[in-house]
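Here's the structure, in structure tokens; my notes come after.
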Amino acid sequence: MTTTRAITLEPGKLVSYQGRNFRITRIMSLNEVELVDDLTDQIVKASLQDLQSPETVSSKRPDLACIKEKDWETARNRLNIIRPLLNQQSRTRSMVADVGKQHATSTNTIYTWLKAYENSESLSALLPKIRKDSGTTKMPSQVEEIIKEVIASEYLSKQKKSQQKVSDEVAKRCKELSIPAPHPNTVRNRIKALSPEMVSSKREGRKTADLSFRLHEGQFPGADWPLAVVQVDHTKLDIILVDDHYRHPIGRPWITLAFDVFSRMVTGFYVSFDPPSALSTGLCLAQSILPKEKYLAKFNVKGEWPVWGLPAVVHVDNAKEFRGNMLKRACDEYGIDLVWRPVGRPNFGAHIERALGTLASEIHTLPGTTFSDIKARGEYKSEKKAVLTLTEFEEWLTIYIVDVYHQKLHSSLATTPMAMYKNGIFGDAEQPGSGLPARIADEERLQLDFMPFEFRTVQDYGIVMDEIHYSHDVLRRWINAPDLEDSKKKRKFTVRRDPRDISQVWFYDPEVNEYYTIPYRDTSHPAISIWELREARKRALADGRRHISEHAVFEAYDRMREIEEESMEKSKAAKRARQRRKHHAQADRPATNTSSISMEIQVDGQDHADIQPFDEMDDLP
Numbered sequence: 023m024t025t026t027r028a029i030t031l032e033p034g035k036l037v038s039y040q041g042r043n044f045r046i047t048r049i050m051s052l053n054e055v056e057l058v059d060d061l062t063d064q065i066v067k068a069s070l071q072d073l074q075s076p077e078t079v080s081s082k083r084p085d086l087a088c089i090k091e092k093d094w095e096t097a098r099n100r101l102n103i104i105r106p107l108l109n110q111q112s113r114t115r116s117m118v119a120d121v122g123k124q125h126a127t128s129t130n131t132i133y134t135w136l137k138a139y140e141n142s143e144s145l146s147a148l149l150p151k152i153r154k155d156s157g158t159t160k161m162p163s164q165v166e167e168i169i170k171e172v173i174a175s176e177y178l179s180k181q182k183k184s185q186q187k188v189s190d191e192v193a194k195r196c197k198e199l200s201i202p203a204p205h206p207n208t209v210r211n212r213i214k215a216l217s218p219e220m221v222s223s224k225r226e227g228r229k230t231a232d233l234s235f236r237l238h239e240g241q242f243p244g245a246d247w248p249l250a251v252v253q254v255d256h257t258k259l260d261i262i263l264v265d266d267h268y269r270h271p272i273g274r275p276w277i278t279l280a281f282d283v284f285s286r287m288v289t290g291f292y293v294s295f296d297p298p299s300a301l302s303t304g305l306c307l308a309q310s311i312l313p314k315e316k317y318l319a320k321f322n323v324k325g326e327w328p329v330w331g332l333p334a335v336v337h338v339d340n341a342k343e344f345r346g347n348m349l350k351r352a353c354d355e356y357g358i359d360l361v362w363r364p365v366g367r368p369n370f371g372a373h374i375e376r377a378l379g380t381l382a383s384e385i386h387t388l389p390g391t392t393f394s395d396i397k398a399r400g401e402y403k404s405e406k407k408a409v410l411t412l413t414e415f416e417e418w419l420t421i422y423i424v425d426v427y428h429q430k431l432h433s434s435l436a437t438t439p440m441a442m443y444k445n446g447i448f449g450d451a452e453q454p455g456s457g458l459p460a461r462i463a464d465e466e467r468l469q470l471d472f473m474p475f476e477f478r479t480v481q482d483y484g485i486v487m488d489e490i491h492y493s494h495d496v497l498r499r500w501i502n503a504p505d506l507e508d509s510k511k512k513r514k515f516t517v518r519r520d521p522r523d524i525s526q527v528w529f530y531d532p533e534v535n536e537y538y539t540i541p542y543r544d545t546s547h548p549a550i551s552i553w554e555l556r557e558a559r560k561r562a563l564a565d566g567r568r569h570i571s572e573h574a575v576f577e578a579y580d581r582m583r584e585i586e587e588e589s590m591e592k593s594k595a596a597k598r599a600r601q602r603r604k605h606h607a608q609a610d611r612p613a614t615n616t617s618s619i620s621m622e623i624q625v626d627g628q629d630h631a632d633i634q635p636f637d638e639m640d641d642l643p
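Add 22 to a position in the sequence shown, counting from 1, and you land on the number used in our numbering.
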């Protein structure tokens with residue numbers, strides 16, 4: 023059963039407050055609502071952060087990484103079919119029937135899809151049901167391949183052949199091979215699922231497609247309400263920071279920033295010494311989507327940052343570090359349209375680049391700034407003037423965003439970002455507001471959904487990732503489990519790992535649809551990052567090791583730390599590495615099921631799955 027994954031903040035909606043169900047009667051502000059108890063008529067005022075879903079939130083959907091691509095495409099096609107009918111108050115049965123006829127689907131089936139999606143607002147609610155006879159009525163892979171080939175050669179061409187011609191060609195090729203041809207609607211649905219921009223580019227040409235799909239300086243189509251369009255970008259900041267221990271300069275940090283185009287509000291950011299990656303984008307988006315009360319309390323910031331909720335569209339850079347299947351599938355699940363900025367067209371990111379420029383000008387007033395170029399820096403000694411640590415800079419940046427940038431008059435808006443955001447939410451005499459966005463009920467699951475994953479088998483010694491062993495009692499039942507489709511192979515399971523701290527992984531149990539935290543098998547090993555692991559592997563190889571074992575890796579790591587400590591007084595790289603580890607250790611992580619029982623199993627081998635770990639993330643320089 024799929025349960026509600028968000029708390030809808032609208033008058034009339036049920037919520038849970040202090041263990042009891044109430045109904046929202048009035049939205050009082052961005053932080054407070056008025057509630058009524060239907061049974062006692064008691065009226066109370068409540069802070070939004072104290073509200074919970076009226077249901078017991080339990081993520082019983084499959085993990086995103088476990089869903090087969092063909093099933094995911096089926097869900098997306100179903101959503102495209104029912105999209106015109108979603109949340110239509112005036113929806114009639116005849117309207118539903120008409121949509122069913124257009125797609126050769128029964129009215130009852132359309133209603134089933136509508137109910138499933140509107141109850142959960144999750145794409146996974148539209149996944150095909152698992153049946154015991156699954157596979158007996160599947161379309162042969164040979165037919166699927168023919169459909170793909172014909173669409174590519176006949177439809178996506180300058181000849182602009184009709185869908186009927188494409189369907190006829192598919193039928194012809196199937197006949198030549200003496201295999202049943204698919205229904206014409208099947209071919210049409212495959213075509214409908216194609217990206218409109220890609221179709222236009224292939225059939226009309228890139229220039230024609232640009233006229234319809236490229237953004238122009240000074241305007242952003244579709245950004246008509248808060249969170250309609252959120253842009254994400256990253257840059258290296260013009261400031262040198264110091265380490266916590268010695269207060270010596272260690273280098274410039276990176277920032278990944280999320281930005282609401284409608285109001286110019288910053289919706290989230292992530293600052294670190296790690297290079298930009300799908301992980302930093304995912305961490306930034308997670309902060310963007312989730313409420314900020316806990317984060318502000320961490321720095322004791324008194325101002326308000328009342329921005330949360332799922333954006334309709336997210337624009338990100340086209341660089342390879344942003345293109346990860348993890349990021350795309352997580353956005354699909356939460357109904358976010360992920361759009362990559364086309365190469366060579368910088369106007370797509372004009373709004374957020376102006377915001378980053380404003381931030382840069384403020385940073386240039388801080389001690390340790392490098393300014394924008396050598397000429398502007400003049401004789402200013404950036405390293406000697408540097409005084410802020412990464413944590414102190416993050417606190418400064420949070421205060422600046424909340425108390426200055428959001429409250430400052432924006433020239434193109436003729437008002438402040440905060441006022442623009444509130445106006446977009448509550449409306450005015452000329453235009454109604456969009457209303458408060460829903461708040462995510464299961465915050466831990468959202469954080470995991472935006473975290474990188476790999477597939478691994480469970481051996482009698484646990485799980486192995488990059489020669490590092492992980493084990494726990496919860497793995498026992500899955501040891502040497504056979505693959506569900508091929509009993510000769512071993513079953514692979516979803517394992518998520520935070521690259522900032524690989525001392526534990528999150529193992530997804532497909533039967534209970536829950537994650538479990540699995541620690542190092544040898545808990546005496548120190549917590550290290552994926553980048554430190556790679557450096558240790560390089561060191562072990564340089565030492566002439568033929569086989570890189572776990573022992574060799576951590577032995578090399580220990581030697582690296584000894585060298586680092588010896589060079590701490592004179593090496594910025596060593597100080598930066600130390601600071602990066604401290605920052606990683608302080609990071610918030612999802613809380614999942616775990617147990618204090620350790621697992622003692624004899625190690626007699628290891629498994630090396632055919633997968634490139636974290637291939638969407640750059641090595642540290």
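C-beta: ideal position from N, C-alpha, C; glycine also.
Here leucine 470 has Arg518, Trp528, Tyr537, Pro612 and Thr614 as same chain residues with Cβ atoms under 8 Å from its own Cβ, once five neighbours each way along the sequence are excluded. Taking C-beta separations shorter than 7 Å and ignoring five residues to either side along the sequence, the partners of valine 192 in its chain run Ile168, Ile169, Val172, Ala203, Pro204 and Val209, following chain order. Rounded to the nearest angstrom, the gap between the Cα atoms of asparagine 445 and glycine 455 is 7 Å. Unbroken beta strand (DSSP E) stretches of 3 residues or longer found wholly inside the region 241–283: 251–258, 271–273 and 276–282, given in chain order.
Between alanine 334 and serine 310, the CB-CB gap reaches or exceeds 7 Å.
Taking leucine 199 as reference, the option from Ser509, Gln164, Lys123 and Arg351 with the minimal CA-CA separation is Gln164. Per the Cβ contact rule, the region 539–553 is in contact with the region 485–495 (3 or more Cβ pairs under 8 Å). Secondary structure of glutamate 54 (DSSP, three-state): strand.
Secondary structure of proline 541 (DSSP, three-state): strand. If you check the CB distance, methionine 440 and glutamine 453 do not come in under 7 Å. DSSP places glutamate 476 in the strand class (E or B) of the three-state scheme. Methionine 487 sits in a strand when the DSSP states are folded into three classes. Between the region 43–56 and the region 280–299 there are fewer than three C-beta pairs closer than 8 Å, too few to call the two in contact. In this structure the region 299–306 lies against the region 457–477, because at least three pairs of beta carbons, one per stretch, are closer than 8 Å. Taking the C-beta atoms as reference points, valine 575 is found no nearer than 7 Å to alanine 549.
Within the same chain, Leu107, Thr129, Ile132, Tyr133 and Leu136 come within 8 Å of valine 118 by CB-CB distance, once the 5 residues on both sides are set aside. Under DSSP, proline 504 shares a beta bridge with Lys512. The Cβ atoms of aspartate 266 and threonine 411 lie closer than 7 Å to each other.
For glutamine 181, the three-state secondary structure derived from DSSP is coil. With a cutoff of 7 Å on beta-carbon distance, leucine 378 and threonine 257 are scored as near each other. Scanning its chain for C-beta atoms nearer than 7 Å, with the 5 sequence neighbours on each side dropped, one finds around glutamate 405 the residues Ile262 and Pro271, in chain order.
In the three-state reduction of the DSSP assignment, arginine 498 falls in the helix class.
DSSP places alanine 451 outside both helix and strand once states are collapsed to three, so it counts as coil. Cβ-Cβ distances below 7 Å link glycine 34 to Arg45 and Ile46 in the same chain, with the five nearest sequence neighbours on each side left out; the list follows chain order. In terms of CA proximity to proline 328, Glu54 leads the group Thr392, Glu54, Arg581 and His606. Nearest neighbour of valine 426 by Cα position, chosen from Arg583, Asn109, Glu326 and Arg115, turns out to be Glu326. If you look at threonine 413, you'll find it in the alpha helix (DSSP H) that goes 412–421. Classified as exposed, aspartate 450 has fewer than 16 neighbouring CB atoms from the shown chains inside 10 Å of its CB. By the neighbour-count criterion, in which a residue is buried when 16 or more other Cβ atoms sit within 10 angstroms of its Cβ, glycine 331 is buried. Annotation: valine 288 is outside any alpha helix (DSSP H); the continuous beta strand (DSSP E) that includes it extends over 288–294. Valine 221 and histidine 337 do not touch by the CB rule: their CB atoms are close to 20 Å apart, not below 8 Å. The beta carbons of aspartate 296 and arginine 602 sit about 7 Å from each other, so the pair counts as a contact at 8 Å. Going by C-alpha positions, leucine 435 is about 13 Å away from aspartate 246. Secondary structure at phenylalanine 321: coil, using DSSP grouped into helix, strand and coil. Shown here, valine 336 sits in a strand according to DSSP, grouped into three states. Of Asp488, Arg499 and Thr516, the smallest CA-CA separation from serine 571 is found for Asp488.
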